[in-house]
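Beneath this line is the structure, given in C-alpha cells, with notes to follow.
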Amino acid sequence: MNPLIEMSGCSFAYEPGKTVLERVSARLAPGELLGIVGPNGCGKSTLLRLLAGVLRPISGHVRIADKEAASLSQLQRARTVGFLPQTVNPIFAMRVLDAVCLGRFPHVGAFGTLSPHDRAVADRCLTETETESLRDRDFLSLSGGERQRVLLASVLAQEPRALLLDEPTSSLDVHHQIEIFALLRDLRSAERGIAVVTHDINLAGRFCDRIVLLGQSARGVVAEGSPVDVLTEPLLSKAYGAQIRVCQHPLTGTPLITVDAPAESKR
Amino acid sequence: MKSRVMITAASVVVCLLLILASIAIGTESIDLRAAFDQWRTGATKGNASELNIIVNLRLPRTLLALLAGGGLALAGCAFQALLRNPLATPYTLGIDSFAALGAYMATVFGAGTAMNLAGFSLVQVAAFLFAAFDVLIIYAMATRARRMSPLVLLLAGVTLGLLANSGILFLRYLAKPEQLINMDRWLMGGVDLIGYEPVLTLLIGVTPCAIILLMQASRYDQLGFGEELAAGRGVDVRRLQVTTFLVCSIMTGVIVSKVGPIGFVGLVVPHAVRTITGSRHRVLMPMSMVAGGAFLCLCDIIARKAMTGETPIGIITSIVGAPFFLYLLVRRRFADWDNA
Ligand SMILES: Nc1ncnc2c1ncn2[C@@H]1O[C@H](COP(=O)(O)OP(=O)(O)O)[C@@H](O)[C@H]1O
Ligand SMILES: [Mg+2]
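From first to last, the protein sequence lines are chains E and B. If you read the first sequence in the working numbering, its first letter stands for residue 749, the second for the next number, and so on. If you read the second sequence in the working numbering, its first letter stands for residue 88, the second for the next number, and so on.
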C-alpha cells in the first residue's frame, strides 16, 4: 500500500543556522497508528507540521497521497490531511455542533454554506468520538477531556485520510489519556492512518503500531519500527540522553519505561 | 435557534426604523407622508419643501452615516477576528489618531493650499495617507518579526495612537487660533456634509472593501480556534492577514478622511451584535454593518436634537457607546475571550 504521507530527506529551521530537523525521513501508511516520541523540544511538533504541510521544509520533499505537497493548494491538502495542533484556544462561545461543522471548511465553498451531507458528516463524527450528548453544549463549558474529543470530531469532519495529532492527551488525567488512545486505535481503518505526537512513551508503546523516536542531539530520527524494537534501553537512553530502564508491563506485556533518578547531590 | 432568528429579524427592523427616523427627524421634523405625496404627485420645486429637505439634506446625511457606521463596524469585526482580541478596532490600532494627525498637519502647514484630488481636499488626502501609514507600520512589524503575537500588534497600534495624539497636541501649540477651531471641529467628526459628493466617495471606497471582507467570513470563523488549526484546515493565514490589513486601512482611511475620527462604533457594535447573532461571521459581519449604520444614524439624530444647534457626532458616539459597552462588560464579562 502506498503511504499517505511520505517525507524524504527533509531539513527545517525556524531561524537560519538553528536547524531543528536535519535530513529526516518518515512516512505514514493507511491503517496504522504511528507514535512520534522524544524528549521536549526535540522537534516532534515541527515534524508533525511538516507532515501536515503547514510548514514547508527548507530542503527535501513531502509527498501527500502521491502528490508533491508543495504542488497542492492549501484546501486540497486539507481534504487529505487533518491536523490538530498542540494548543487550540477558542475565543468565541460556540455550540459543539457548530465547532464540529467548522471542520467541513475545506469541503464547502467560500461562503461556508453547509449541505445536508455536511451536517450528516458532522453528526457521524460526533458519534464516532462518542460526543453526541454534548451536541448543543457550549464548547467553552466543556472539560479538558470532552474538548479533546470534540476537537478530534471537528478534525475528523474534514474526512481526512491522514490524521495528525499533536499531544492530544497532554492535559488529561490517566484515565482520559487511555480513553483517547483507545479511541484513536478504533479510528484507524484500512483507508485512514493516524500519527500522534506524545511525550508519554508508555502509552505510545501500548497503543501504537509503529514508533518514530526522535533524539535531542540527533536533530532527527534515532530509531523507527515496532514498539518492542524501538523502545529499548540503549535507543531510549541515546534519544533522551539519560539512563532509561525498560521492563515489561505486568498486565499488557508492552514496554514500560522508567528513568533512574539523578544521583543524589551531596549538599 | 428559532428565537435567535427572531431576535435577529427584530434587530434588523429596529435598525431600519432608526434609519427612517434619521430621515424624518432633524432640526425641523418632517412629515414623511407629506413628502411621499409630493413625490408621487410630482409637485414642483416651489411647493415641495418637505421633499426638497429630504432629498437634498437628510437623505445624503443618512446615507453617509450608514456607509460610515457600517464600514467602521465591519472593520472592527474583521480586526477582532484577525487579531483574536476584543479590543482590536481601527480606533485602538491608531488609525483614527493618525488620520487626525494628518488632517492637523495639512491644516497647519498647508494653509491656503486649495487642493482638490478626486473630490478630496488636502486635509482629507493627508488624513487618508496618515491612516495608511499607521497600518503600514503595524503590518511591517507583523511581517518582520519571527513570530509576533496579535497582542503585540495591538499594543503597537495603541502606542502609535498615543504618539499621534502627542503630535496633535504639539501642532495645536503651533497653530493659529482660527486654525484651532477648524481642527477641533474636524476632530469631533461629523456626517453633516452637504450634497451627494461625499456619499458617492464613500460608496466607491466602502463597497468593494466591504464585499472583500464579507467574502472572508468563513475564514475568520476558522481563526476563532487559533491560527494553527485554521492553517491546518486550509486557510492561508498570511494572505488573510494581508487582505484584512490592506482592505480595512483603505476603508477606514476613506471613511475617517471624510467624516473624521468616530470612535466606539467599531468596538461597541460588533460586540453588541455578537450577543444577538452569535459569533458566526457570515451572520455577524453583515448584521454589524446594518447595526453600525443604524447606530451612527441614532447618534446623528441625537446630535441634531440634543441641543439647539448641532452637537458633533463624535461626542455622541462616545457618550452613547461608552456606557453601553460598560454594560456589556458587566453583563457578559467576555469570559469567552480569556484565551485570546
Ligand atoms: N514557531 C517557532 N518559532 C521558532 N522556534 C520554534 C518554533 N516552534 C518550535 N521552535 C523551536 O524548535 C525546536 C523544536 O520544537 P518543537 O518541534 O515544538 O519540539 P517538541 O514538540 O518536540 O517539544 C525547539 O527548540 C523550539 O524552541
Ligand atoms: Mg510539541
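Beta carbons: idealized from backbone N, C-alpha and C, even for Gly.
Phe853 (chain E) CB to nearest chain B CB: under 8 Å? Start at 1 with the first residue of the first sequence, and residue 853 (chain E) comes out as number 105. It does: the Cβ of Phe853 (chain E) has a partner Cβ on chain B nearer than 8 Å.
Work out the CA separation of Pro838 (chain E) and Ala427 (chain B) for me, nearest whole Å. Along the second sequence, read from residue 1 onward, the residue named residue 427 (chain B) stands at position 340. Along the first sequence, read from residue 1 onward, the residue named residue 838 (chain E) stands at position 90. Annotation note: pLDDT 49 at Ala427 (chain B) (below 50); position unreliable, coordinate value reported separately. Straight-line Cα distance between these residues: approximately 8 Å.
Under the three-state DSSP convention, the category Ala427 (chain B) falls into: Counting from one through the second sequence, the residue named residue 427 (chain B) turns up at place 340. With a pLDDT of only 49 at Ala427 (chain B), under 50, the local geometry of the prediction cannot be trusted, and no value is derived from it.
Please give the ranges of any alpha helix (DSSP H) in the segment 308-393 of chain B, keeping only runs that are unbroken, at least 4 residues long and fully inside the region. 314-319, 324-346, 352-364, 368-392
Euclidean distance between Cα positions of Thr1043 (chain E) and Phe831 (chain E): Only positions 749 to 1015 of chain E appear in the structure, and residue 1043 (chain E) is not among them; the question remains open.
Between which two residues does the beta strand (DSSP E) containing His809 (chain E) stretch? As a first step, residue 809 (chain E) must be located in the first sequence, where it is residue number 61. First-last of the beta strand (DSSP E) with His809 (chain E): 807-812.
Compare the C-beta of Leu316 (chain B) against all C-beta atoms of chain E and say whether one is closer than 8 Å. Against the second sequence, residue 316 (chain B) aligns to sequence position 229. Interface residue, yes.
So, does the segment 217-236 of chain B touch the segment 171-191 of chain B, judging by three or more C-beta pairs under 8 Å? yes
Close beta carbons around Thr331 (chain B), own chain, < 6 Å, minus the five adjacent residues each side: As a first step, residue 331 (chain B) is located in the second sequence; it is residue number 244 there, counting from the start. Closer than 6 Å at Cβ, skipping near neighbours: Ala165, Leu169.
Compute every distance between the C-beta of Ser793 (chain E) and the non-hydrogen atoms of ligand 2, then say whether any falls below 7 Å. Residue numbering aside, residue 793 (chain E) sits at position 45 when the first sequence is read from its first letter. Because some heavy atom of ligand 2 lies under 7 Å away, the Cβ of Ser793 (chain E) counts as near it: yes.
Mapping DSSP to helix, strand and coil, what is Thr861 (chain E)? Here residue 861 (chain E) refers to the residue found at position 113 when the first sequence is read from its first residue. Coil.
Is DSSP giving Ile102 (chain B) helix, strand or coil here? Reading the second sequence from its first residue, position 15 is the one you call residue 102 (chain B). Note on residue identity: the sequence assigns Cys, not Ile, to residue 102 (chain B). Of the three classes helix, strand and coil, the one that applies to Cys102 (chain B) here is helix, per DSSP.
Just list the alpha helix (DSSP H) runs in the segment 931-998 of chain E, keeping only unbroken ones of 4 residues or longer that don't cross its boundaries, in chain order. 949-955, 975-978, 981-988
Just to check my reading of the structure: Ser807 (chain E) and Ser759 (chain E) have Cβ atoms closer than 8 Å, yes? What is that Cβ distance to the nearest angstrom? Looking up residue 807 (chain E) in the first sequence gives position 59. Looking up residue 759 (chain E) in the first sequence gives position 11. 5 Å between Cβ atoms; contact.
May I ask which residues mark the beginning and end of the alpha helix (DSSP H) holding Cys296 (chain B)? Here residue 296 (chain B) refers to the residue found at position 209 of the second sequence. Per DSSP, Cys296 (chain B) belongs to the alpha helix (DSSP H) from 284-301.
If you draw a straight line from the alpha carbon of Pro975 (chain E) to that of Leu888 (chain E), how long is it in whole angstroms? For the purposes of this step, residue 975 (chain E) is identified with residue 227 of the first sequence, where counting begins at 1. For the purposes of this step, residue 888 (chain E) is identified with residue 140 of the first sequence, where counting begins at 1. Each residue's Cα considered, the two are about 36 Å apart.
Under 7 Å from any heavy atom of ligand 4, does the C-beta of Leu169 (chain B) make it? This structure lacks ligand 4; its bound ligands are ligand 1 and ligand 2.
Is the beta carbon of Val836 (chain E) within less than 7 Å of some heavy atom of ligand 2? The sequence position of residue 836 (chain E) within the first sequence is 88, counting from 1. Result no, Cβ not under 7 Å from ligand 2.
Mind checking which residues open and close the beta strand (DSSP E) that includes Ala219 (chain B)? In the second sequence, counting from the first residue as 1, residue 219 (chain B) sits at position 132. First-last for Ala219 (chain B): 209-231, but that is the alpha helix (DSSP H), not the beta strand (DSSP E).
Identity of the residue in B:Tyr414, B:Ile406, B:Val370, B:Pro399 nearest Pro94 (chain B) by Cα: In the second sequence, counting from the first residue as 1, residue 94 (chain B) sits at position 7. For the record, residue 94 (chain B) in the displayed sequence is Ile; it is not Pro. The candidate whose alpha carbon is nearest that of Ile94 (chain B) is B:Val370.
Ligand 1 and Val829 (chain E): does the residue's C-beta get closer than 7 Å to at least one heavy atom of that ligand? Here the question's residue 829 (chain E) lines up with position 81 in the first sequence. No - ligand 1 has no heavy atom lying nearer than 7 Å to the Cβ of Val829 (chain E).
Please find out if some non-hydrogen atom of ligand 2 comes closer than 7 Å to the beta-carbon of Val945 (chain E). Counted from its first residue, the first sequence places residue 945 (chain E) at position 197. Yes.
Measure the alpha-carbon distance for Asn750 (chain E) versus Ala910 (chain E) and round it to whole angstroms. Against the first sequence, residue 750 (chain E) aligns to sequence position 2. Against the first sequence, residue 910 (chain E) aligns to sequence position 162. Roughly 13 Å between the two C-alpha positions.
Compute the beta-carbon to beta-carbon distance between Leu781 (chain E) and Leu932 (chain E), rounded to the nearest angstrom, for a pair I have assumed lies under 8 Å. On the first sequence, residue 781 (chain E) is found 33 positions in, with the first residue counted as 1. On the first sequence, residue 932 (chain E) is found 184 positions in, with the first residue counted as 1. The pair is a contact, with the Cβ atoms about 6 Å apart (cut-off 8 Å).
Can you give me the start and stop residues for the beta strand (DSSP E) that Asp914 (chain E) sits inside? The count along the first sequence starts at 1 and reaches residue 914 (chain E) at position 166. Looking at the DSSP string, the run of the beta strand (DSSP E) that includes Asp914 (chain E) is 910-914.
Taking only beta-carbon positions, decide if Gly353 (chain B) is within less than 8 Å of chain E. Here residue 353 (chain B) is taken as the residue at index 266 of the second sequence, counted from 1. No, Gly353 (chain B) does not count as interfacial toward chain E.
For ligand 1, is there any heavy atom lying closer than 7 Å to the beta carbon of Val768 (chain E)? Translated into the one-based positions of the first sequence, residue 768 (chain E) becomes position 20. The answer is yes for Val768 (chain E).
CB of Ala378 (chain B) within 8 Å of CB of Ser109 (chain B), strictly: Sequence index remark: in the second sequence, residue 378 (chain B) carries index 291 (1-based). Sequence index remark: in the second sequence, residue 109 (chain B) carries index 22 (1-based). No, the Cβ-Cβ distance between Ala378 (chain B) and Ser109 (chain B) is not below 8 Å.
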